[in-house]
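First residue of the sequence shown: 110, per the numbering used here; consecutive thereafter.
The C-beta atom is built at its ideal place from N, Cα and C for all residues, glycine as well.
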Amino acid sequence: HIEIQVFADSHGNVVHLGERECSIQRRHQKVIEECPSPINDHELRRKMGEAAVKIARAVNYLGAGTVEFLVADATREFYFLEMNTRLQVEHPVTELVTGFDLVREQFQVATGQALSFSQEDVDWRGHAIECRVYAEDPENNFFPSPGTITYLQEPSGPGVRLDSGVRLHSEVSIHYDSMIAKLAVWGRTRDEAIDRLKRALDEYQVTGITTTLPFFRQVVEDNEFRSGRLDTGFISRFNQRQEQTVASGPNTKERDM
Numbered sequence: 110h111i112e113i114q115v116f117a118d119s120h121g122n123v124v125h126l127g128e129r130e131c132s133i134q135r136r137h138q139k140v141i142e143e144c145p146s147p148i149n150d151h152e153l154r155r156k157m158g159e160a161a162v163k164i165a166r167a168v169n170y171l172g173a174g175t176v177e178f179l180v181a182d183a184t185r186e187f188y189f190l191e192m193n194t195r196l197q198v199e200h201p202v203t204e205l206v207t208g209f210d211l212v213r214e215q216f217q218v219a220t221g222q223a224l225s226f227s228q229e230d231v232d233w234r235g236h237a238i239e240c241r242v243y244a245e246d247p248e249n250n251f252f253p254s255p256g257t258i259t260y261l262q263e264p265s266g267p268g269v270r271l272d273s274g275v276r277l278h279s280e281v282s283i284h285y286d287s288m289i290a291k292l293a294v295w296g297r298t299r300d301e302a303i304d305r306l307k308r309a310l311d312e313y314q315v316t317g318i319t320t321t322l323p324f325f326r327q328v329v330e331d332n333e334f335r336s337g338r339l340d341t342g343f344i345s346r347f348n349q350r351q352e353q354t355v356a357s358g359p360n361t362k363e364r365d366m
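Shown next, in the form of structure tokens:
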């Protein structure tokens with residue numbers, strides 16, 4: 110599942126800002142996003158970007174939008190899924206890699222001004238990964254975990270961005286979306302971004318509610334994730350690997366050691 114960020118103004122300019130990898134999902138809802146996609150290359154990005162721009166032009170689109178595609182691993186063919194006519198939750202990874210403030214561009218376009226950049230100005234530097242931090246229990250099929258936050262330590266440092274909607278003593282209600290924050294990191298390479306994400310996740314501590322932070326800490330250590338073997342079946346396979354690891358755990362002698 111790969112999506113393309115597009116932007117259009119009222120002056121006839123339509124550009125794309127490359128792809129976001131969104132394949133890691135639970136209940137068809139994205140939980141980890143990356144820019145660029147580890148399965149993409151320059152040629153596939155060009156083709157998908159051109160297709161997304163054509164779709165936006167065909168409907169005289171105005172503003173920020175996301176054109177979503179499904180990509181076949183074997184053939185590298187891609188298929189249109191839908192277009193989200195808004196700024197996506199995962200837009201920070203595009204901002205970190207391209208350097209453009211997409212919220213600012215939205216305001217600029219909405220007031221009738223032209224985009225501040227052209228397609229030729231768009232470049233992709235480094236790699237960014239975002240985790241959607243939910244008040245959910247990953248060990249119980251990501252069941253919501255409402256409650257009051259009794260302790261909160263947020264990560265910081267070079268290449269770390271946290272867009273948070275809670276603070277200490279915030280109450281997480283059952284009546285709203287269970288996402289409490291977006292943790293995004295940037296690195297010069299994907300490996301560096303993963304290492305920064307690992308450090309940030311270790312620093313990130315929340316008590317009073319169950320969150321998806323332990324799940325993310327396990328994912329960043331997973332060989333399939335680190336090698337970029339991503340698709341919409343990732344979480345199912347990951348859970349199976351975790352269960353097999355527990356089932357074939359160390360014998361009694363090793364545990365005693």
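Three-state class that DSSP yields for residue i in the structure shown
i, result
"L277", "coil"
"A160", "helix"
"F347", "helix"
"A237", "strand"
"T298", "coil"
"I303", "helix"
"A207", "In the sequence as displayed, the identity of residue 207 is Thr instead of Ala. DSSP places T207 in helix when its eight states are reduced to three."
Contact set for residue i: own chain, Cβ-Cβ below 6 Å, skip 5 residues either direction
i, result
"D365", "Caution is warranted here: a pLDDT of 34 is assigned to D365, below 50, making its placement in the model unreliable, and the coordinate value is therefore given only provisionally. So the list is empty, once near-sequence residues are dropped."
"T259", "T316 and G317"
"E312", "P264"
"S279", "I258"
"D340", "S132"
"V269", "V294 and A309"
Residue i, buried or exposed, once every other Cβ within 10 Å from all chains shown has been counted against 16
i, result
"I283", "exposed"
"T319", "buried"
"L322", "buried"
"S265", "exposed"
"G158", "buried"
"S132", "buried"
"S273", "exposed"
"Y243", "buried"
"N249", "exposed"
"F189", "exposed"
"H151", "exposed"
C-alpha gap between residue i and residue j, whole angstroms
i, j, result
"V176", "S357", "43 Å"
"R154", "D230", "16 Å"
"E333", "L171", "38 Å"
"V124", "F116", "5 Å"
"I289", "G337", "26 Å"
"S287", "F252", "10 Å"
"C240", "A167", "33 Å"
"A192", "V198", "A quick correction: the sequence has Met, not Ala, at residue 192. Rounded to the nearest angstrom, the two C-alpha atoms are 14 Å apart."
"I217", "A302", "A small correction: the amino acid at residue 217 is Gln; Ile does not occupy that position in the sequence shown. Whole-angstrom Cα-Cα distance: 31 Å."
"T298", "A237", "9 Å"
"N348", "D331", "11 Å"
"E143", "R129", "5 Å"
7 Å CB neighbourhood of residue i in its chain, flanking five on each side removed
i, result
"W233", "G127, P145, V206 and T207"
"E204", "D210 and L211"
"R135", "F251 and I344"
"D246", "F252, S254 and T319"
"L310", "L322, F325, R326 and V329"
Contact test: residue i Cβ vs the ligand PLP heavy atom, cutoff 7 Å
i, result
"V281", "Judged by which ligands are present, the structure shown has none, so any question about the ligand PLP falls away."
Cβ shell of residue i (< 8 Å), same chain only, five flanking positions each side left out
i, result
"A219", "G172"
"R346", "E333"
Are the stretch 118-125 and the stretch 219-230 touching, with three or more C-beta to C-beta distances below 8 Å? Touching, yes, given that three or more Cβ pairs across the two stretches are closer than 8 Å.
Three or more C-beta pairs closer than 8 Å, one from the stretch 179-193 and one from the stretch 208-221: is that the case here? The stretch 179-193 is not in contact with the stretch 208-221.
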